[in-house]
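In my numbering, the protein residues as written are 13 to 235.
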(Lines of atoms letter the chains of each structure in order from A; the text may use other names.)
(Lines give C-alpha, C1' and ligand atoms only; values in the text may rest on other atoms or scores of the structure.)
Protein backbone atom coordinates (compact mmCIF):
# COMPACT_ATOMS: atom_id res chain seq x y z
CA UNK A 13 0.00 0.00 0.00
CA UNK A 14 2.86 2.32 0.86
CA UNK A 15 4.47 1.66 -2.53
CA UNK A 16 1.24 2.62 -4.30
CA UNK A 17 1.02 5.89 -2.36
CA UNK A 18 4.64 6.65 -3.16
CA UNK A 19 4.01 5.95 -6.85
CA UNK A 20 1.03 8.33 -6.90
CA UNK A 21 3.10 10.98 -5.14
CA UNK A 22 5.80 10.74 -7.81
CA UNK A 23 3.19 10.99 -10.60
CA UNK A 24 1.58 14.06 -9.01
CA UNK A 25 4.95 15.77 -8.57
CA UNK A 26 5.89 15.14 -12.21
CA UNK A 27 2.47 16.36 -13.37
CA UNK A 28 2.87 19.54 -11.31
CA UNK A 29 6.36 20.15 -12.68
CA UNK A 30 5.05 19.83 -16.24
CA UNK A 31 2.45 22.52 -15.54
CA UNK A 32 5.10 24.83 -14.15
CA UNK A 33 7.39 24.28 -17.13
CA UNK A 34 4.66 24.96 -19.67
CA UNK A 35 3.56 28.05 -17.70
CA UNK A 36 -0.10 27.10 -17.77
CA UNK A 37 -2.15 29.68 -15.85
CA UNK A 38 -5.12 28.81 -13.73
CA UNK A 39 -8.15 31.05 -13.32
CA UNK A 40 -6.52 32.92 -10.46
CA UNK A 41 -3.42 33.63 -12.59
CA UNK A 42 -5.21 35.70 -15.25
CA UNK A 43 -3.27 38.81 -16.38
CA UNK A 44 -5.33 41.28 -14.35
CA UNK A 45 -2.47 43.76 -14.36
CA UNK A 46 -2.61 43.96 -18.15
CA UNK A 47 -6.37 44.45 -18.07
CA UNK A 48 -5.92 47.36 -15.69
CA UNK A 49 -3.72 49.11 -18.24
CA UNK A 50 -6.42 48.99 -20.94
CA UNK A 51 -7.89 52.42 -21.61
CA UNK A 52 -11.65 51.95 -21.64
CA UNK A 53 -12.65 55.61 -22.12
CA UNK A 54 -10.96 58.86 -23.03
CA UNK A 55 -11.34 62.14 -21.22
CA UNK A 56 -14.41 64.25 -21.90
CA UNK A 57 -14.05 66.37 -25.02
CA UNK A 58 -13.43 70.06 -24.57
CA UNK A 59 -15.74 72.74 -25.95
CA UNK A 60 -16.18 72.69 -29.74
CA UNK A 61 -14.17 69.46 -30.00
CA UNK A 62 -15.41 65.99 -30.92
CA UNK A 63 -15.03 63.17 -28.42
CA UNK A 64 -12.49 60.61 -29.63
CA UNK A 65 -13.52 57.08 -28.60
CA UNK A 66 -10.90 54.55 -27.55
CA UNK A 67 -10.25 51.41 -29.56
CA UNK A 68 -12.29 49.41 -27.05
CA UNK A 69 -15.25 51.77 -27.46
CA UNK A 70 -15.06 51.65 -31.25
CA UNK A 71 -14.91 47.85 -31.29
CA UNK A 72 -17.85 47.67 -28.87
CA UNK A 73 -19.85 50.10 -31.02
CA UNK A 74 -19.10 48.13 -34.18
CA UNK A 75 -20.13 44.83 -32.60
CA UNK A 76 -23.33 46.06 -30.94
CA UNK A 77 -24.53 48.09 -33.92
CA UNK A 78 -23.60 45.49 -36.53
CA UNK A 79 -25.58 42.86 -34.63
CA UNK A 80 -28.70 45.03 -34.98
CA UNK A 81 -28.57 45.39 -38.78
CA UNK A 82 -29.94 41.92 -39.55
CA UNK A 83 -32.80 42.03 -36.97
CA UNK A 84 -33.72 45.52 -38.19
CA UNK A 85 -33.86 44.27 -41.78
CA UNK A 86 -35.99 41.27 -40.81
CA UNK A 87 -38.29 43.49 -38.77
CA UNK A 88 -38.71 45.92 -41.66
CA UNK A 89 -39.55 43.05 -43.98
CA UNK A 90 -42.09 41.70 -41.49
CA UNK A 91 -43.76 45.11 -41.19
CA UNK A 92 -44.00 45.38 -44.96
CA UNK A 93 -45.38 41.85 -45.25
CA UNK A 94 -48.12 42.56 -42.71
CA UNK A 95 -49.15 45.82 -44.36
CA UNK A 96 -52.68 45.64 -45.77
CA UNK A 97 -52.91 49.05 -47.46
CA UNK A 98 -50.75 51.75 -49.02
CA UNK A 99 -50.34 53.97 -45.91
CA UNK A 100 -49.18 50.99 -43.84
CA UNK A 101 -46.75 49.90 -46.56
CA UNK A 102 -45.29 53.40 -46.86
CA UNK A 103 -44.94 53.67 -43.08
CA UNK A 104 -43.23 50.27 -42.96
CA UNK A 105 -40.76 51.24 -45.69
CA UNK A 106 -39.92 54.64 -44.17
CA UNK A 107 -39.48 53.36 -40.62
CA UNK A 108 -37.73 50.12 -41.62
CA UNK A 109 -35.31 51.82 -43.98
CA UNK A 110 -34.41 54.48 -41.42
CA UNK A 111 -33.84 51.84 -38.73
CA UNK A 112 -31.55 49.79 -40.99
CA UNK A 113 -29.60 52.86 -42.11
CA UNK A 114 -29.21 54.05 -38.52
CA UNK A 115 -27.30 50.91 -37.53
CA UNK A 116 -25.54 50.46 -40.89
CA UNK A 117 -24.15 54.01 -40.99
CA UNK A 118 -23.09 53.84 -37.35
CA UNK A 119 -21.36 50.49 -37.90
CA UNK A 120 -19.50 51.84 -40.93
CA UNK A 121 -18.45 55.00 -39.10
CA UNK A 122 -17.05 53.17 -36.07
CA UNK A 123 -15.35 50.62 -38.34
CA UNK A 124 -13.48 53.45 -40.06
CA UNK A 125 -12.64 54.91 -36.63
CA UNK A 126 -11.01 51.61 -35.67
CA UNK A 127 -8.44 52.24 -38.42
CA UNK A 128 -7.27 55.30 -36.44
CA UNK A 129 -6.95 57.38 -39.57
CA UNK A 130 -7.93 61.02 -39.60
CA UNK A 131 -9.50 60.90 -43.05
CA UNK A 132 -12.18 62.84 -44.88
CA UNK A 133 -14.23 59.65 -45.01
CA UNK A 134 -14.32 59.46 -41.21
CA UNK A 135 -15.49 63.06 -40.88
CA UNK A 136 -18.10 62.52 -43.59
CA UNK A 137 -19.43 59.38 -41.89
CA UNK A 138 -19.47 61.19 -38.54
CA UNK A 139 -21.79 63.81 -39.98
CA UNK A 140 -23.93 61.11 -41.57
CA UNK A 141 -24.10 59.29 -38.24
CA UNK A 142 -25.43 62.41 -36.51
CA UNK A 143 -27.84 63.14 -39.35
CA UNK A 144 -29.31 59.65 -39.08
CA UNK A 145 -30.42 60.42 -35.52
CA UNK A 146 -32.71 63.18 -36.77
CA UNK A 147 -33.97 61.02 -39.64
CA UNK A 148 -34.69 58.10 -37.32
CA UNK A 149 -36.63 60.26 -34.86
CA UNK A 150 -38.77 61.63 -37.68
CA UNK A 151 -39.32 58.19 -39.20
CA UNK A 152 -40.28 56.80 -35.79
CA UNK A 153 -43.19 59.23 -35.61
CA UNK A 154 -44.13 58.66 -39.26
CA UNK A 155 -46.26 55.50 -38.67
CA UNK A 156 -48.14 57.12 -35.79
CA UNK A 157 -48.99 60.12 -37.94
CA UNK A 158 -49.64 58.28 -41.21
CA UNK A 159 -51.63 55.15 -40.40
CA UNK A 160 -55.20 55.95 -39.43
CA UNK A 161 -57.33 59.08 -39.50
CA UNK A 162 -56.07 62.18 -37.72
CA UNK A 163 -58.95 64.18 -36.31
CA UNK A 164 -56.82 66.99 -34.89
CA UNK A 165 -55.43 69.63 -37.27
CA UNK A 166 -52.32 69.88 -35.12
CA UNK A 167 -51.50 66.23 -35.77
CA UNK A 168 -51.99 66.65 -39.51
CA UNK A 169 -49.55 69.56 -39.51
CA UNK A 170 -47.19 67.66 -37.23
CA UNK A 171 -46.85 64.98 -39.89
CA UNK A 172 -44.88 67.45 -42.02
CA UNK A 173 -43.45 69.55 -39.19
CA UNK A 174 -41.49 66.59 -37.83
CA UNK A 175 -39.64 66.24 -41.14
CA UNK A 176 -39.05 69.97 -41.26
CA UNK A 177 -37.45 69.71 -37.82
CA UNK A 178 -35.29 66.85 -39.09
CA UNK A 179 -34.09 68.93 -42.04
CA UNK A 180 -33.36 71.89 -39.77
CA UNK A 181 -31.50 69.63 -37.33
CA UNK A 182 -29.39 68.10 -40.09
CA UNK A 183 -28.63 71.54 -41.53
CA UNK A 184 -27.58 72.80 -38.11
CA UNK A 185 -25.43 69.70 -37.62
CA UNK A 186 -23.62 70.21 -40.92
CA UNK A 187 -22.95 73.90 -40.29
CA UNK A 188 -22.06 73.75 -36.59
CA UNK A 189 -20.62 70.24 -36.40
CA UNK A 190 -19.45 69.48 -32.84
CA UNK A 191 -20.14 73.05 -31.71
CA UNK A 192 -22.75 74.27 -29.20
CA UNK A 193 -23.30 70.75 -27.88
CA UNK A 194 -25.92 71.77 -25.32
CA UNK A 195 -28.01 73.30 -28.10
CA UNK A 196 -27.61 70.10 -30.09
CA UNK A 197 -28.84 68.07 -27.10
CA UNK A 198 -31.78 70.44 -26.70
CA UNK A 199 -32.74 69.91 -30.36
CA UNK A 200 -32.70 66.15 -29.86
CA UNK A 201 -34.93 66.41 -26.79
CA UNK A 202 -37.41 68.84 -28.36
CA UNK A 203 -37.71 66.77 -31.51
CA UNK A 204 -37.90 63.50 -29.61
CA UNK A 205 -40.30 64.42 -26.81
CA UNK A 206 -42.29 67.36 -28.21
CA UNK A 207 -44.37 65.40 -30.75
CA UNK A 208 -44.83 62.59 -28.21
CA UNK A 209 -46.58 64.97 -25.83
CA UNK A 210 -48.96 66.05 -28.59
CA UNK A 211 -49.72 62.49 -29.67
CA UNK A 212 -50.36 61.22 -26.14
CA UNK A 213 -52.79 64.05 -25.35
CA UNK A 214 -54.70 63.53 -28.62
CA UNK A 215 -56.90 60.78 -29.96
CA UNK A 216 -54.39 59.53 -32.51
CA UNK A 217 -54.76 55.90 -31.46
CA UNK A 218 -58.33 55.41 -30.20
CA UNK A 219 -57.96 51.63 -30.09
CA UNK A 220 -55.00 51.74 -27.74
CA UNK A 221 -54.80 52.79 -24.15
CA UNK A 222 -52.91 56.08 -23.87
CA UNK A 223 -50.58 54.61 -21.29
CA UNK A 224 -49.56 51.95 -23.83
CA UNK A 225 -49.02 54.62 -26.50
CA UNK A 226 -46.93 56.73 -24.13
CA UNK A 227 -44.78 53.73 -23.14
CA UNK A 228 -44.17 52.87 -26.80
CA UNK A 229 -43.21 56.46 -27.61
CA UNK A 230 -40.84 56.58 -24.67
CA UNK A 231 -39.24 53.36 -25.87
CA UNK A 232 -38.54 54.59 -29.40
CA UNK A 233 -37.30 57.99 -28.23
CA UNK A 234 -34.76 56.72 -25.72
CA UNK A 235 -33.51 53.62 -27.55
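Glycine included, every Cβ here is placed at the ideal spot set by N, Cα and C.
In this text the structure is predicted, and so the values were computed from the model without any measurement.
Query, Result
"Residue 75: which of 153, 127, 155, 119 sits nearest, CA to CA?", "119"
"Leaving aside the five residues before and after residue 147 along the sequence, list all residues of the same chain whose C-beta is less than 8 Å from its C-beta, in chain order.", "110, 113, 114, 178, 182"
"Contact between the segment 198 to 210 and the segment 139 to 157 is defined here as three or more beta-carbon pairs at a separation below 8 Å; is this criterion met?", "yes"
"Evaluate residue 237 with the Cβ neighbour count: other Cβ atoms within 10 Å of its Cβ, from every protein chain shown; 16 or more gives buried, anything less gives exposed.", "Shown here, the chain extends from 13 to 235; a query on residue 237 therefore has no answer."
"Please report how far the alpha carbon of residue 168 lies from the alpha carbon of residue 154, in whole angstroms.", "11 Å"
"In this structure, does DSSP put residue 189 in helix, strand or coil?", "coil"
"Identify, in the order they occur along the chain, each residue of the same chain with its Cβ nearer than 6 Å to the Cβ of residue 141, setting aside the five sequence neighbours on each side.", "117, 118, 121"
"Hey, could you find the ends of the alpha helix (DSSP H) residue 159 is sitting in?", "Where residue 159 is concerned, there is no enclosing alpha helix (DSSP H), given that its DSSP letter is neither H nor E."
"In angstroms, rounded to a whole number, what distance separates the CA positions of residue 131 and residue 137?", "10 Å"
"Let me confirm a value: residue 194 is counted as buried when at least 16 other C-beta atoms fall within 10 Å, else exposed. Which label applies?", "exposed"
"Can you have a look at residue 172 and say buried or exposed, based on whether 16 or more other CB atoms are within 10 angstroms of its CB?", "exposed"
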